[in-house]
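Peer 1:
Residue numbers (the numbering used here): -8 to 160.
1) Since residue 31 contacts residue 87 with CB under 8 Å, what's their CB separation in whole angstroms?
2) Between which two residues does the alpha helix (DSSP H) harbouring residue 148 extend?
3) So which of 89, 110, 52 has the shortest CA-CA distance to residue 78?
4) Hey, residue 56 and residue 76 are a contact pair by Cβ (cut 8 Å); roughly how many whole angstroms apart?
5) Where residue 45 and residue 127 are concerned, what is the direct C-alpha to C-alpha distance, given to the nearest angstrom?
6) Quick one: using the 10 Å Cβ neighbour count with 16 as the cut-off for buried, is residue 139 buried or exposed?
7) For the candidate residues 39, 125, 20, whose alpha-carbon lies nearest to that of residue -7?
8) Please name the residue in 117, 121, 36, 123 whose C-alpha comes closest to that of residue 132.
9) Would you tell me roughly how many angstroms separate the C-alpha atoms of residue 62 and residue 20, rounded to the nearest one?
10) My assumption, with CB atoms under 8 Å, is that residue 157 sits in contact with residue 95. Please give the rounded CB distance.
11) Suppose contacts are defined by Cβ-Cβ distances below 9 Å. Is residue 49 in contact with residue 82 by that definition?
12) Give a yes or no on whether the C-beta atoms belonging to residue 80 and residue 53 are separated by under 9 Å.
13) Identify whether residue 176 lies in helix, strand or coil by the three-state DSSP scheme.
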């Protein structure tokens, strides 16, 4: 398998599952707006198609609040604004998968605790928000921000495992 992604989280999940794969980072222009399901599936397809070879896996993830997608924050100020928006609310994490032309999508609902200024500062100071859709990593310090999830935990980390396994079946 070829993983068309630079995400260390996706690599770690595939390694944990025992998959043999190589990583090729695609150079693609990603959609940032539109229907979340369609957007992440199209971005996953673009990544898959940008990498030559057989059995190529493309994945894309976004955080959605009130129908608006939030990808990776550009800077700390944007990360702060996103965390403040997510505070005390439920949001959706959408992932699209493309594997050899077949596609699927997964959605998980995540509810954040009410985040005080001290908790936000502590999290931003960690730097963990960098390169994370929605500005947080649930598998790291970001776990302290989360009150509950409904759906696939691995989807929030970056690769919806049940959805991947369904595509492989």
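C-beta atoms are modelled at their ideal positions from N, C-alpha and C, and glycine is treated no differently. Bear in mind that the values here come from a model prediction, so they are computed numbers and not experimental data.
Peer 2: According to the data block:
1) Contact holds; Cβ gap of about 3 Å.
2) Membership of residue 148 in the alpha helix (DSSP H) is indicated by the continuous run 144 to 148.
3) Looking at the Cα atoms, 110 is the closest of the given residues.
4) Rounded to the nearest angstrom, the Cβ distance from residue 56 to residue 76 is 6 Å, consistent with a contact under 8 Å.
5) Counting only the Cα atoms, residue 127 lies some 32 Å from residue 45.
6) It counts as exposed.
7) Here the closest residue by C-alpha is 39.
8) The option with the nearest alpha carbon to residue 132 is 117.
9) Roughly 14 Å separates the two Cα atoms.
10) That pair is a contact at about 7 Å.
11) No, the Cβ-Cβ distance between residue 49 and residue 82 is not below 9 Å.
12) With contacts defined by Cβ atoms closer than 9 Å, residue 80 and residue 53 do not form a contacting pair.
13) Limits of the chain in this structure are -8 at one end and 160 at the other, which puts residue 176 out of reach.
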